[in-house]
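Accompanying notes for the structure given below.
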Amino acid sequence: MTQFPDTPDFIQPTVTGPTAGLVASLSRAIHEHRLLPGTKLGEDELSEIYKVSRTVVRSALQALSHVQLVEHRRNRGAFVSQPTMREAREVFEARSLLEPGSARSAAERMTPEALARLDEHIEAEHAAMAAGEAGRALRLSGQFHIEISRIADQTIIAGIIERLVARSSLIIALYWKRQSALCEEHAHHALVEAFRRGDGQEAQALMARHLADIVAALDLSDTPQPSVNLKDILSP
Numbered sequence: 003m004t005q006f007p008d009t010p011d012f013i014q015p016t017v018t019g020p021t022a023g024l025v026a027s028l029s030r031a032i033h034e035h036r037l038l039p040g041t042k043l044g045e046d047e048l049s050e051i052y053k054v055s056r057t058v059v060r061s062a063l064q065a066l067s068h069v070q071l072v073e074h075r076r077n078r079g080a081f082v083s084q085p086t087m088r089e090a091r092e093v094f095e096a097r098s099l100l101e102p103g104s105a106r107s108a109a110e111r112m113t114p115e116a117l118a119r120l121d122e123h124i125e126a127e128h129a130a131m132a133a134g135e136a137g138r139a140l141r142l143s144g145q146f147h148i149e150i151s152r153i154a155d156q157t158i159i160a161g162i163i164e165r166l167v168a169r170s171s172l173i174i175a176l177y178w179k180r181q182s183a184l185c186e187e188h189a190h191h192a193l194v195e196a197f198r199r200g201d202g203q204e205a206q207a208l209m210a211r212h213l214a215d216i217v218a219a220l221d222l223s224d225t226p227q228p229s230v231n232l233k234d235i236l237s238p
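To convert, count from 1 in the sequence shown and add 2; that's the numbering used here.
Have a look at this one:
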């Protein structure tokens, strides 16, 4: 039986047993851009790779479709979701409406324990970049935004942000044009320093600028995706 990684800190469908492990593994591979948007997820191939039944694979793919990481195409099977340019714009418009206010609320509710968690996130991002693991760094960056929304203690808004950040991972995989933007560490550092001072107004402004910078690094034009081999990507 394949050993699955820890469940990534993104929204997860409510599943149990072997299905939960497969959901976590595929979710992590998608968020780390090892499985790119448009990749076909064949049931037979996944069953062979993970040594689980096709029933488990089918259940996992269905669960991932509920959180919009996987899409089923009629008579063609399951694929990693492929957001359109219009969806990309709408996702980041929604984030720009919600996350600056969430950052302000987080600053007002910040605790030493919460600050320590954010510091750990940044340290992990830097370690991933130093190791040349850009996909892992991007996943950790998304978790940083989700953690801020949780610190803000706005349950409904945090849930929406979590889904938007997960969708953003697919958008970045498709439309990212400026790889160097991964190294722009100052944005998260500046946010944490604003949180450390309890400066909600500055945190709000910094988050707005940070999201604008991400959008500026996207090329919202059609980009062909290379073919991939699931076994090469997912086998331990």
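A virtual CB, placed ideally from N, CA and C, is assigned to each residue, including glycine.
Distance, residue j Cα to residue i Cα
i	j	result
L172	A160	19 Å
Q84	E122	31 Å
C185	M131	Confidence at C185 is low in this model, with a pLDDT of 47, below 50, so its placement is unreliable and the value that follows should be read with caution. Straight-line Cα distance between these residues: approximately 8 Å.
E135	L220	20 Å
G200	H190	15 Å
L117	S98	23 Å
G137	Y177	14 Å
E92	K179	18 Å
I150	L236	31 Å
L24	G144	21 Å
A133	E34	14 Å
R75	L222	23 Å
A57	A196	Here residue 57 turns out to be Thr, not Ala, going by the sequence shown. Spanning the two alpha carbons is a distance of roughly 49 Å.
G40	E89	15 Å
L232	A96	33 Å
L71	S55	21 Å
I148	R198	18 Å
L140	K53	29 Å
Q64	E73	9 Å
I51	E125	33 Å
A210	I216	10 Å
R60	L142	28 Å
S49	I32	18 Å
I162	D234	34 Å
T9	P114	With a pLDDT of 41 at T9, under the threshold of 50, the predicted position of this residue should be treated as unreliable, though the coordinate-derived value follows. Answer to the nearest angstrom: the Cα atoms are 26 Å apart.
Status (buried if at least 16 other CB within 10 Å, exposed otherwise) for residue i
i	result
E164	buried
F37	For the record, residue 37 in the displayed sequence is Leu; it is not Phe. The residue is buried, with at least 16 neighbouring Cβ atoms inside 10 Å.
A168	buried
S212	Strictly speaking, residue 212 in this sequence is His, with Ser absent from that position. H212 is buried by the Cβ-count criterion.
S182	A caution first: S182 carries a pLDDT of 48, below 50, which makes its placement in the model too unreliable to give a value.
P20	buried
R30	buried
A22	buried
A218	exposed
S170	buried
A214	exposed
Given residue i as reference, the closest of the options once Cα atoms are compared
i	options	result
Q203	A126, V25, L66 and E101	E101
V194	Q145, M112 and I162	M112
F146	V93, S27 and R119	R119
V69	E125, L28 and L99	L28
H103	I174, L140, A65 and L208	Looking at the sequence provided, one finds Gly at residue 103 rather than His. Selected option, being the one with the closest Cα: L208.
H188	H128, E73, N231 and V217	H128
I174	Q64, I162, T86 and E115	T86
Q206	A192, I216 and V59	A192
A26	F94, A62 and E50	A62
L166	S67, V59, D234 and F94	F94
Review point. Using 8 Å as the threshold, is the region 150-157 in touch with the region 100-114, meaning 3 or more CB pairs across them?
Key: Taking 8 Å as the limit for Cβ pairs, the verdict is that the region 100-114 does touch the region 150-157.
Exercise for review: Would you check if there are 3 or more beta carbon pairs closer than 8 Å linking the region 75-95 to the region 40-52?
Suggested key: Contact holds: three or more Cβ-Cβ distances are below 8 Å.
Point to revise | In chain order, each alpha helix (DSSP H) run of at least 4 residues that lies wholly inside the region 38-84 | key: Fully enclosed alpha helix (DSSP H) runs of 4 or longer: 45-52 and 56-68.
Review point. Going along the chain, which unbroken runs of the alpha helix (DSSP H) with 4 or more residues stay wholly within the region 188-219?
Key: At a cut-off of 4 residues, the continuous stretches assigned as alpha helix (DSSP H) that sit fully inside the region 188-219 are 188-199 and 202-218.
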